[in-house]
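Chemist:
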Amino acid sequence: MSIKVKNLTKSFDGKNVIDNISFEVHDGETLAIVGFSGSGKSTVLKLICGLIEKDGGEIITSEGDIAMVFQYSALFDSLNVADNISFALRERKDLRNKYKEEELRSIVSQKLELVGLKGIESKFPSELSGGMQKRVSFARAIVTEPKTILYDEPTAGLDPISSTLIEDYIVRLQQETNAASIVVTHQMSTITRTANKLIMLYKGKIVFAGTPEEMLRQDNPYTKQFVTASLEGPMHMLS
Amino acid sequence: MITFKQYLRQSTTYKIFKIFIREFVDFLTTFGDIVENGLKTLRYILTFQVNVKELMDQCVRFGISSLPITLSIVGMTSIIVTSQVASEMVKQGGGHFVGLLMSILIIREVGAIMSGFAIVSMIGSSLASEIATMRVTEQIDAISVLDVDPIRYLFVPRILSGIIMMPVIVIIASAFGILTGALTTKLTTELGYRAYFDSVWLGIYMKDLGVCLLKSICFGGTIALISCACGYQASGGAKGVGLATTKAVVWSFVAIVIWDMIFAIAFFF
Ligand SMILES: Nc1ncnc2c1ncn2[C@@H]1O[C@H](COP(=O)(O)OP(=O)(O)O)[C@@H](O)[C@H]1O
Ligand SMILES: [Mg+2]
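See the structure below:
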């Protein structure tokens, strides 16, 4: 057990955004969450990492830190890359003053190397491309060796090659850390390359749960509509 | 046929009433946020949980970068007042009180409040838009997920820098105001610097200086707190940043005028 979600509910202004969903992700597994914009995917991640309070249900994660990679990277634009990555080590109550400057520097360069970016420590986020920002935000998220990693649309808005790079890092991190991961995505390549299982959300409910292969078989009206990107089907964008 | 309830819902009175209620709730929420975050910040400050490097950066931002605008505003206010009253006072035989008038005026009122206005427009707006931008770009969420309290990281150094730097700014600006007063007196009357400064000393009371410092500490802390808190509760993209900044400036302006009134009543009534 690493992430266990049971009967989770959350509503905003009387609207059920997450409506009684349950799923599990084991250590070393990656779950993909797919669904239209507004179907509550980011809300699930924010509930798991504690950014918003749940209304009901249970969320159990294994001991250790939870990392989140934000959709738009959310790098601290007033800090350079090195300070972004070492942020938690410098500022967190239990880690503050634990590391010396040289140690921090070597941790930073090691994490940067892990995401394939060497020698950009002193650059500022605004000087980096979208794909590089994403990778720096990976490095920042994993600096405390988390046991749970959440990715919110890690490949959205990236070119195909950057997407492939990011997907490779997700797989590599999963192998190296044996963390339980959740990847929210719309992108077929990200689903097939990173995830072992998948759930599809629609109006806050799980309408499909299975493996990526099962989804591609399209024997469920929801997966069929999603995979063929069709306007016809049980899901409606409007209303 | 519409029911009375439906009629009521579409009436202008109802709509205005609804807007009024919404604004009132918003007012209470903002006020609550300011108090809550202020208390949290105070707890960190009192237990010395302060990031010194951040504090230094914020002090430079608060004090140094705002100095030109603060000096010009206080200096020009002093020129405006002196150029209007100095010649009149000399004509009426009160020439040896010009310096006294200016030092009392600036130390008791003009130095602090005009610096306050300058700081609100310069530092308050920049703090609010900075933090609001961090909010809407999820940087604040990122801080929380990394298990760091955004109040400690963002509020504490900014508010503490306001408390530390505002008295410094007010002292420098006030001294500058008294100097520009001297220059204006010299240019507009036959009174010399000597006569002006001899009476300046007569107008400097320890009590006034103490009140002035206390007042500027309150101004600095309040401006930084309100600006941070308004930025912190921002939501919804660029528009949200704009709304938060406007709110921060308006609230800070009103707050320092209220402080000023409280000080006037408490110490000079
Ligand atoms: N803080 C919030 N306040 C009010 N409504 C929200 C909030 N966060 C999300 N929502 C609403 O919840 C729904 C799901 O949002 P989200 O989880 O971001 O969707 P997704 O990530 O799948 O695109 C949307 O309709 C959104 O408007
Ligand atoms: Mg989302």
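Chains as they are written, first to last, in the numbering used here: chain A, 51 to 289; chain B, 2 to 270. Cβ atoms here follow ideal geometry from the backbone N, Cα and C, with glycine treated the same way. For clarity, every value in this text was computed on a predicted model and none was experimentally measured.
Report buried or exposed for residue 260 of chain B, applying the criterion of at least 16 other Cβ atoms within 10 angstroms of its Cβ.
Modeler: Buried, by the Cβ-count rule.
Chemist: CA-CA distance, residue 122 of chain A and residue 250 of chain B?
Modeler: Each residue's alpha carbon lies about 29 angstroms from the other.
Chemist: Using only CA atoms, which one of B/30, B/87, B/80 and B/107 lies nearest to residue 213 of chain B?
Modeler: Residue 213 of chain B has its Cα closest to that of B/107, out of B/30, B/87, B/80 and B/107.
Chemist: Alpha carbon to alpha carbon, how far is residue 188 of chain B from residue 178 of chain B? Give it in angstroms, no decimals.
Modeler: Going by the C-alpha atoms only, they are around 15 angstroms apart.
Chemist: Relative to the C-alpha of residue 86 of chain A, which residue among A/107, A/191, A/249 and A/260 is closest?
Modeler: That would be A/249, whose Cα lies nearest to the Cα of residue 86 of chain A.
Chemist: Can you pull every residue whose C-beta falls closer than 7 angstroms to some heavy atom of ligand 2, listed in chain order?
Modeler: Here the list is A/87, A/91, A/92, A/121, A/202, A/203 and A/234.
Chemist: Ordered along the chain, which non-local residues of its own chain (more than five positions away) have a Cβ less than 8 angstroms from that of residue 208 of chain A?
Modeler: 180, 181, 184 and 216, listed in sequence order.
Chemist: Quick check: what's the CA-CA separation for residue 292 of chain A versus residue 163 of chain B?
Modeler: Because chain A here runs from 51 to 289, residue 292 of chain A falls outside it and cannot be looked at.
Chemist: Does residue 101 of chain A get closer than 8 angstroms to chain B when you measure Cβ to Cβ?
Modeler: Interface residue, yes.
Chemist: Out of curiosity, what's the CA-to-CA distance linking residue 141 of chain A and residue 96 of chain A?
Modeler: Between residue 141 of chain A and residue 96 of chain A, the C-alpha separation is close to 22 angstroms.
Chemist: Does the beta-carbon of residue 89 of chain A, which I'm using as the reference point, lie nearer than 7 angstroms to any heavy atom of ligand 1?
Modeler: At least one heavy atom of ligand 1 is nearer than 7 angstroms to the Cβ of residue 89 of chain A, so yes.
Chemist: Taking just the CA atoms, how far does residue 64 of chain B sit from residue 100 of chain B?
Modeler: About 27 angstroms.
Chemist: Determine which residues share a DSSP beta bridge with residue 53 of chain B and list them.
Modeler: Its beta-bridge partners do not exist; DSSP assigns none.
Chemist: What residue range is occupied by the uninterrupted beta strand (DSSP E) comprising residue 84 of chain A?
Modeler: Counting along the chain, the beta strand (DSSP E) containing residue 84 of chain A begins and ends at 80 to 84.
Chemist: Taking contact to mean 3 or more Cβ pairs, one atom from each stretch, closer than 8 angstroms, check whether the stretch 67 to 78 of chain B and the stretch 115 to 132 of chain B are in contact.
Modeler: Enough Cβ pairs lie closer than 8 angstroms, so yes.
Chemist: Run through chain A and tell me which residues come within less than 7 angstroms of residue 145 of chain B, C-beta to C-beta.
Modeler: In chain order: 101.
Chemist: Can you find a heavy atom of ligand 1 that lies under 7 angstroms from the Cβ of residue 62 of chain A?
Modeler: Answer for residue 62 of chain A: yes, Cβ within range of ligand 1.
Chemist: Closer than 7 angstroms, Cβ to Cβ, to anything on chain A: give me those residues from the stretch 124 to 155 of chain B, in chain order.
Modeler: Answer in chain order: 138, 139, 140, 142, 143, 145, 146, 147, 148, 149 and 154.
Chemist: If you check the beta carbons only, do residue 224 of chain B and residue 120 of chain B fall under 8 angstroms apart?
Modeler: Yes, these two residues count as a Cβ contact at 8 angstroms.
Chemist: At a cut of 8 angstroms, does the stretch 69 to 84 of chain A reach the stretch 132 to 140 of chain A through at least three beta carbon pairs?
Modeler: Short answer: they don't touch.
Chemist: Below 8 angstroms on the Cβ atoms is my guess for residue 42 of chain B versus residue 160 of chain B; work out the distance and round it to an integer in Å.
Modeler: So it is a contact: roughly 5 angstroms between Cβ atoms.
Chemist: Report the residue from B/170, B/102, B/8 and B/34 whose alpha carbon sits nearest the alpha carbon of residue 186 of chain B.
Modeler: The shortest Cα separation from residue 186 of chain B among B/170, B/102, B/8 and B/34 belongs to B/102.
Chemist: Which partner residues of residue 106 of chain A appear in the DSSP bridge assignment?
Modeler: According to DSSP, which records beta bridges pairwise, residue 106 of chain A is partnered with A/59.
Chemist: Here's a check: name, in chain order, each residue in its chain whose Cβ is nearer than 8 angstroms to the Cβ of residue 137 of chain B, leaving out the five neighbours to either side.
Modeler: Answer for residue 137 of chain B: 235, 236, 237, 238, 239, 241 and 242, listed in chain order.
Chemist: Taking Cβ positions, are residue 286 of chain A and residue 84 of chain A nearer each other than 8 angstroms?
Modeler: Contact: no.
Chemist: Mind checking who residue 75 of chain A pairs with in its DSSP beta bridge?
Modeler: For residue 75 of chain A, which the question treats as bridged, DSSP gives the partners A/53.
Chemist: For residue 258 of chain A, which three-state DSSP category applies?
Modeler: Three-state result, residue 258 of chain A: strand.
Chemist: When burial is assigned at 16 or more other CB atoms within 10 Å of the CB, is residue 208 of chain B buried or exposed?
Modeler: Classification of residue 208 of chain B: exposed, given that the 10 Å Cβ count is below 16.
Chemist: Hey, which unbroken runs of the beta strand (DSSP E) at 3 residues or more fall wholly within the stretch 159 to 233 of chain A?
Modeler: Those beta strand (DSSP E) runs which fall completely within the stretch 159 to 233 of chain A and span 3+ residues are 198 to 202.
Chemist: Could you check what DSSP says for residue 281 of chain A in three-state terms: helix, strand or coil?
Modeler: Residue 281 of chain A: coil per DSSP, three-state reduction.
Chemist: Taking residue 46 of chain B as the reference, give the member of B/156, B/29 and B/146 with the closest Cα.
Modeler: It is B/156 whose Cα lies nearest to the Cα of residue 46 of chain B.
Chemist: Can you name the residues of chain B whose CB is closer than 7 angstroms to the CB of residue 122 of chain A?
Modeler: Going along chain B in sequence order, the residues near residue 122 of chain A (Cβ under 7 angstroms) are 138 and 139.
Chemist: Residues of chain B with CB under 7 angstroms from residue 141 of chain A, in chain order?
Modeler: In chain order: 149 and 154.
Chemist: Below 7 angstroms on C-beta distance, what does residue 21 of chain A contact in chain B?
Modeler: Nothing in the structure corresponds to residue 21 of chain A, since chain A is present only between 51 and 289.
Chemist: Out of A/234, A/76 and A/264, which has the shortest C-alpha to C-alpha gap to residue 54 of chain A?
Modeler: For residue 54 of chain A, the nearest C-alpha among the options comes from A/76.
Chemist: Ignore the nearest five residues each way along the sequence and tell me which others in residue 245 of chain B's own chain have a CB closer than 6 angstroms to its CB.
Modeler: Taken in chain order, the residues that qualify are 129, 133, 231, 232 and 235.
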